[in-house]
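Residue numbering for the sequence shown follows this note's numbering, starting at 92 and increasing by one per position. Ideal placement from N, C-alpha and C gives every residue a C-beta, glycine not left out.
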Amino acid sequence: REETLGTTVIKHEVHILDPLIVFGPGGALAEISAGELTVPTFFLKEDELPPAVQALKQLILDADCYVIVSPEYNHSVPPALASLMGHFGGSNYSCKPSAI
């Protein structure tokens, strides 16, 4: 989507990551975790990561900001969302604007 701010063109690219799809059969993290944070991706060498995980990691690294929309779960974020974010380590999200 493109918008303008004065003479500047601003482009928006939105990606939706649904934990049911990411951890489900054929999902990026299905092979290495099946929904549990057993082996975070930052513990593995880059060449040990499946291509789908490498692509998801690159998507997270390339983002300029994060907007997370999620229902409340016991006064916190849902476990699947926490696991999804935990797989990639905090350094991938640092110094980027975010909103929950």
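Legend entry - Contact under 8 Å by Cβ, A190 with I159: In contact: A190 and I159 (Cβ atoms closer than 8 Å).
Inset, instruction - Thinking Y157 and K187 are a contact (beta carbons under 8 Å), I'd like their distance in whole angstroms, please. - result: Correct: roughly 6 Å between the Cβ atoms.
Legend entry - Length-filtered (4 minimum) alpha helix (DSSP H) runs lying within the region 101-144: The DSSP assignment places 110-114 as complete runs of the alpha helix (DSSP H) inside the region 101-144, in order along the chain (cut-off: 4 residues).
Inset, instruction - Determine which residues share a DSSP beta bridge with A190 and list them. - result: Bridge partners of A190: V158.
Legend entry - Whether P110 touches L172 by CB criterion (8 Å): Cβ atoms of P110 and L172: closer than 8 Å.
Legend entry - Residue burial classification, T132 (beta-carbon count within 10 angstroms, cutoff 16): Taking all protein chains in view, the Cβ of T132 is crowded by 16 or more other Cβ atoms within 10 Å, so the residue is classified as buried.
Legend entry - DSSP-derived helix/strand/coil call for S167: Here S167 sits in strand by DSSP.
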